[in-house]
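Protein chains in written order, with the working numbering: chain A, 1 to 262; chain B, 1 to 262.
Yeah, the Cβ is synthetic: ideal placement off N, Cα and C, and Gly gets one too.
Below you'll find the structure, written out as C-alpha cells, and then a few comments.
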C-alpha cells in the first residue's frame, strides 16, 4: 500500500526573517495525514522569482500534490502568481470570474477596487480557481500545484474547499503506548518491534514531569491490523521487563518531547 | 554589503505527520537575523537516510552555515548522525569526550547508561562537540553543518553556546510604519519606495480589528541610513494622500497579518 505524496512550499521573506511564525505547515500536515496523503517535505523560501520557479517545477515533478502558501496579495512583493505561471510556461491572465468575485466583494464598501487590488484577479492561464470565502481573492490550482494565501485563516478556508476533491489514500493508523520507562531503556524493544513489523514505524517521545518520567511510543502504519499487533507486542515486551505500558486513547494530548531523561 | 547565508534542516517524521509542531525554525530564524546571518531556506524532511545525506550535501555546498535539528537521540529511528557522517564520507566514532560527559550525567541516577544511550556518544569522525547543558548528549559541528537536538529547549541551549563563534554580518535595520490605509491602497506607494531605494525591502502586513484597519509596512535593509530615508519617504507619501502614518517603535507587537481588508 502506498499513499499519494505531497510537498508544502511556504513563500515569504517574513517567515525566513523570523518576523512571522509559520502556522501553515503544521496545520496542513495534520490535514494531509488525515486524508491519507503522505507529506514528504516542507520548504520555506524567499520571495525570489527564480527560487519560486525552480522549486515549483521540482515539486510539481516529484510529488503528486503541491501546496503553496503566501505571495498572492495586492502588493509589489506578491510575486508568487507571476513566478508560478513562469514555472509552467503560461502567461498570467486577468481572470473574469476572479474579477467578478472581487468586484462584488468591494461593492458597497469604502474600499476602492484599484489597480493593486485588481492584481489579485491575475491568474496563470489554464488554472482553476480555489474559493476564498474569507476575503474573496481566490487561490488556484494549476496542474498538481495548489496556490493558496499565506494568512492562516484564509489558507485553512481554501484548503477545506479543495480537500474533498483530493485523491486521498489510506489514513494511517496511529497507536500511542505510554511506557513508564526512559527512552534509552526502551530503545532495544522499539528496534526489535520495528524490525519484526515491516511497514510499521515506531517513534518515541520521552516526557518528564516532577517526580515522573516516561516515553510515549507511537506506532504508525497504513495496515491497521499490523499496527495493532505491533503495539501489543511492544506493550508486552515492556511489561516483561517489569515496566508498565498502557495504550493512550487520546493521541492529541502528547505534547512535544521534554528534555530529560533520554 | 552581503551577509553570510544559512539554511535550516529539520529532520523528523513526526513533524511531517503533523503530530509535533516545529518550533525550531521560527526561533532560529530570529536568532540568525539578529546575528546578521541571512536565512535563505528552511526544509523539513523525513527520517530517511538517503534524503538526509543528499540534503546535507546540497546545503553544505550552497550555504555558509547549515543548522539541523532532530534525530540524534538514543533510539533506532535516530539516524541523523550516521547519515551526516555518510554525507561527508567519514566513519562514525565513539567519541571519548562525549562518552565522558554522558557517563558523568548518568552517574548517581537510577538510569542505566546502556547501549542505546551510549549511541548518543557516536559522532562523525573529525566533528567538534556542541555542548548540551540540558541533558549532556552533545550535538556537533562538521565542516559548516551544525547538528543539534530536536527538542526546542535543548536546541536553544546548544545554539546559545555556538552563537558567539559564528561569523555574523550586519544586523538588518527594520523599521515599521503603521499606516491607517488598506494594503491595496498603499501598494503603489510601496512599489515606488521599493523602486527608489535599492537594497531596502518593503513588506506589508494588513491588520483588521472591529471598526479599524490598517497596514504595517516593514522596511528592511542592511544600510541603516537608507532604511531610515525610505521609511521617511514612505510616511510622507502616505500622508500626502491624506492618511496617517506613524513609525512603530515596537516591531515585536505586530502579529501575523489579519485577513481583511486587502
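Alpha helix (DSSP H) containing residue i: first to last residue?
{"i": "residue 214 of chain B", "result": "Counting along the chain, residue 214 of chain B falls outside any alpha helix (DSSP H), though it belongs to the beta strand (DSSP E) covering 212 to 221."}
{"i": "residue 117 of chain B", "result": "115 to 118"}
{"i": "residue 233 of chain B", "result": "224 to 240"}
{"i": "residue 249 of chain A", "result": "Looking at the DSSP string, residue 249 of chain A is not in any alpha helix (DSSP H), and its letter there is neither H nor E."}
{"i": "residue 160 of chain A", "result": "152 to 162"}
{"i": "residue 39 of chain B", "result": "First-last for residue 39 of chain B: 38 to 45, but that is the beta strand (DSSP E), not the alpha helix (DSSP H)."}
{"i": "residue 20 of chain A", "result": "Here residue 20 of chain A belongs to no alpha helix (DSSP H), and DSSP marks it neither H nor E."}
If we ignore side chains and look at the alpha-carbon of each, how far apart do residue i and residue j end up?
{"i": "residue 47 of chain B", "j": "residue 196 of chain B", "result": "46 Å"}
{"i": "residue 154 of chain A", "j": "residue 172 of chain B", "result": "30 Å"}
{"i": "residue 15 of chain B", "j": "residue 199 of chain B", "result": "35 Å"}
{"i": "residue 160 of chain B", "j": "residue 18 of chain B", "result": "27 Å"}
{"i": "residue 237 of chain B", "j": "residue 189 of chain B", "result": "7 Å"}
{"i": "residue 225 of chain B", "j": "residue 34 of chain A", "result": "50 Å"}
{"i": "residue 8 of chain A", "j": "residue 242 of chain B", "result": "41 Å"}
{"i": "residue 120 of chain A", "j": "residue 137 of chain A", "result": "6 Å"}
{"i": "residue 218 of chain A", "j": "residue 78 of chain A", "result": "40 Å"}
{"i": "residue 3 of chain B", "j": "residue 214 of chain A", "result": "44 Å"}
{"i": "residue 169 of chain A", "j": "residue 223 of chain A", "result": "12 Å"}
{"i": "residue 254 of chain A", "j": "residue 239 of chain B", "result": "Residue confidence for residue 254 of chain A is low, a pLDDT of 34 falling below 50, so the modelled location carries little weight and cannot support an answer."}
{"i": "residue 60 of chain B", "j": "residue 145 of chain B", "result": "6 Å"}
{"i": "residue 270 of chain B", "j": "residue 52 of chain B", "result": "With chain B covering only 1 through 262, there is no way to say anything about residue 270 of chain B."}
{"i": "residue 194 of chain A", "j": "residue 187 of chain A", "result": "10 Å"}
{"i": "residue 261 of chain B", "j": "residue 180 of chain A", "result": "In this prediction, residue 261 of chain B has a pLDDT of 49, which is less than 50 and means its spatial position is unreliable; nothing more can be read from the coordinates."}
{"i": "residue 204 of chain B", "j": "residue 94 of chain A", "result": "23 Å"}
{"i": "residue 263 of chain B", "j": "residue 234 of chain B", "result": "In the structure as shown, chain B begins at 1 and stops at 262. Residue 263 of chain B is therefore absent and cannot be evaluated."}
{"i": "residue 91 of chain B", "j": "residue 6 of chain B", "result": "26 Å"}
{"i": "residue 249 of chain B", "j": "residue 50 of chain B", "result": "47 Å"}
{"i": "residue 164 of chain A", "j": "residue 71 of chain A", "result": "25 Å"}
{"i": "residue 220 of chain B", "j": "residue 229 of chain B", "result": "11 Å"}
{"i": "residue 140 of chain B", "j": "residue 129 of chain B", "result": "4 Å"}
{"i": "residue 212 of chain B", "j": "residue 152 of chain A", "result": "20 Å"}
{"i": "residue 114 of chain B", "j": "residue 131 of chain A", "result": "56 Å"}
{"i": "residue 275 of chain B", "j": "residue 100 of chain B", "result": "Only positions 1 to 262 of chain B appear in the structure, and residue 275 of chain B is not among them; the question remains open."}
{"i": "residue 102 of chain A", "j": "residue 80 of chain B", "result": "49 Å"}
{"i": "residue 57 of chain A", "j": "residue 11 of chain B", "result": "23 Å"}
{"i": "residue 21 of chain B", "j": "residue 231 of chain A", "result": "24 Å"}
{"i": "residue 32 of chain B", "j": "residue 88 of chain B", "result": "25 Å"}
{"i": "residue 133 of chain B", "j": "residue 29 of chain A", "result": "32 Å"}
Can you say whether residue i is buried or exposed, counting buried as having 16 or more other CB atoms within 10 angstroms of its CB?
{"i": "residue 184 of chain B", "result": "buried"}
{"i": "residue 117 of chain A", "result": "buried"}
{"i": "residue 124 of chain B", "result": "buried"}
{"i": "residue 23 of chain B", "result": "buried"}
{"i": "residue 13 of chain B", "result": "buried"}
{"i": "residue 74 of chain A", "result": "buried"}
{"i": "residue 62 of chain B", "result": "exposed"}
{"i": "residue 246 of chain B", "result": "exposed"}
{"i": "residue 38 of chain A", "result": "buried"}
{"i": "residue 109 of chain A", "result": "exposed"}
{"i": "residue 209 of chain B", "result": "exposed"}
{"i": "residue 244 of chain B", "result": "exposed"}
{"i": "residue 43 of chain A", "result": "buried"}
{"i": "residue 206 of chain B", "result": "buried"}
{"i": "residue 202 of chain B", "result": "buried"}
{"i": "residue 182 of chain B", "result": "buried"}
{"i": "residue 252 of chain A", "result": "Unreliable placement is indicated for residue 252 of chain A, whose pLDDT of 40 sits below 50; no coordinate value is reported for it."}
{"i": "residue 126 of chain A", "result": "exposed"}
{"i": "residue 167 of chain A", "result": "exposed"}
Taking the continuous beta strand (DSSP E) assigned at residue i, which residues delimit it?
{"i": "residue 9 of chain A", "result": "5 to 11"}
{"i": "residue 177 of chain A", "result": "173 to 179"}
Under 8 Å Cβ-Cβ, which residues of chain D neighbour residue i?
{"i": "residue 147 of chain A", "result": "Looking at the structure shown, chain D is missing, and the protein chains on hand are A and B."}
task: Please list the segments of the alpha helix (DSSP H) lying wholly inside the stretch 182 to 211 of chain A, counting only runs of 4 or more residues, in order along the chain.
output: Whole alpha helix (DSSP H) segments, 4+ residues: 183 to 196.
Residues from the stretch 72 to 106 of chain A in contact with chain B, defined by Cβ distance under 7 Å: So the list reads 73, 74, 75, 76 and 77, given in the order they occur along the chain.
Against chain A: residues of the stretch 15 to 26 of chain B by CB proximity under 9 Å: Of all residues in the stretch 15 to 26 of chain B, those with a C-beta nearer than 9 Å to a C-beta of chain A are 15, 16, 17, 18, 19, 20, 21, 22, 23, 25 and 26, reading in chain order.
Sequence ranges, beta strand (DSSP E) only - wholly within the stretch 59 to 147 of chain B, length at least 3: Segments of the beta strand (DSSP E) lying fully in the stretch 59 to 147 of chain B: 65 to 69, 92 to 94, 122 to 124, 128 to 130 and 139 to 142.
Residues in the stretch 33 to 45 of chain A having any Cβ partner in chain B nearer than 7 Å: Against chain B - using a Cβ distance shorter than 7 Å - the residues of the stretch 33 to 45 of chain A are 33, 39, 40, 41, 42, 43, 44 and 45.
- prompt: Taking Cβ-Cβ distances below 7 Å as the criterion, which residues of the stretch 164 to 183 of chain A are in contact with chain B?
  reply: Under the 7 Å Cβ criterion, the stretch 164 to 183 of chain A contributes 182 and 183.
- request: Could you please tell me which residues of the stretch 208 to 232 of chain B, in chain order, have their CB closer than 8 Å to any CB of chain A?
  value: Listed by position, the residues of the stretch 208 to 232 of chain B near chain A (Cβ gap below 8 Å) are 218 and 220.
field: Cβ-based contacts, 8 Å cut-off: residues of the stretch 52 to 65 of chain A near chain B
entry: Across the stretch 52 to 65 of chain A, no CB contact with chain B closer than 8 Å is found for any residue.
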